[in-house]
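Reviewing the structure listed below.
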Amino acid sequence: MLQIIWRHIDYRQHHCTEDASDALRLIWCSVPEAYLSFKEIKRAFRGIFRAEELKNIYDFYAEAVGEFSESVQPRSLQHLCRSIIRSTLRENQIWIPEGLRQTCLPKSIESFLNLEKVFIAFNEFALQSRFQLMKMSF
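Under the UniProt record's numbering, the first residue of the sequence shown is numbered 1, with each subsequent residue one higher.
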């Protein structure tokens with residue numbers, strides 16, 4: 001959660017929306033932890049940030065990771081597989097992205113394992129729609 005706060009503060013101070021968002025997306029794509037809910041962020045930082053700032057932090061997080069959740073949600077099986085494959089490659093000293101090129105995997109799988117944005121783009125419209133609905137409920 002501290003990475004989320006740090007990236008949000010960095011974004012606010014330097015107005016580097018895309019860079020801060022991309023950094024958080026890459027961090028979140030590389031870990032198997034469940035998506036955070038607004039309630040979790042609110043509970044963790046109540047008394048530290050005002051309600052409006054907590055909402056801004058959550059909005060920043062949700063847009064960066066492409067997921068909006070009212071409750072704690074486990075990651076998809078596809079994402080968990082990516083985490084395990086990346087971990088196994090690292091344990092076997094097959095470094096990403098160079099080592100992936102040597103595996104002769106299809107380009108789409110290689111891109112997915114490299115955490116490329118390609119896989120986020122196809123869901124962008126659906127996510128934006130969900131985000132608008134979530135904003136209305138806050």
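Using N, Cα and C, we set each Cβ at its ideal position, and we do this for glycine too.
- Leu24 and Asn92 have their alpha carbons spaced roughly 26 Å apart.
- Counting only runs of 4 or more residues that sit fully inside the stretch 9-68, the alpha helix (DSSP H) segments are 17-29, 38-45, 51-65, in chain order.
- CA-to-CA, the gap between Arg101 and Phe45 works out to about 42 Å.
- For Thr88, the uninterrupted alpha helix (DSSP H) run begins and ends at 77-91, by DSSP.
- Within a 10 Å sphere around the beta-carbon of Ala62 sit 16 or more other beta-carbons, which makes this residue buried.
- Counting along the chain, Lys107 sits inside the alpha helix (DSSP H) bounded by residues 107-113.
- With a contact defined as Cβ atoms closer than 8 Å, Ile85 and Tyr58 miss out at about 30 Å.
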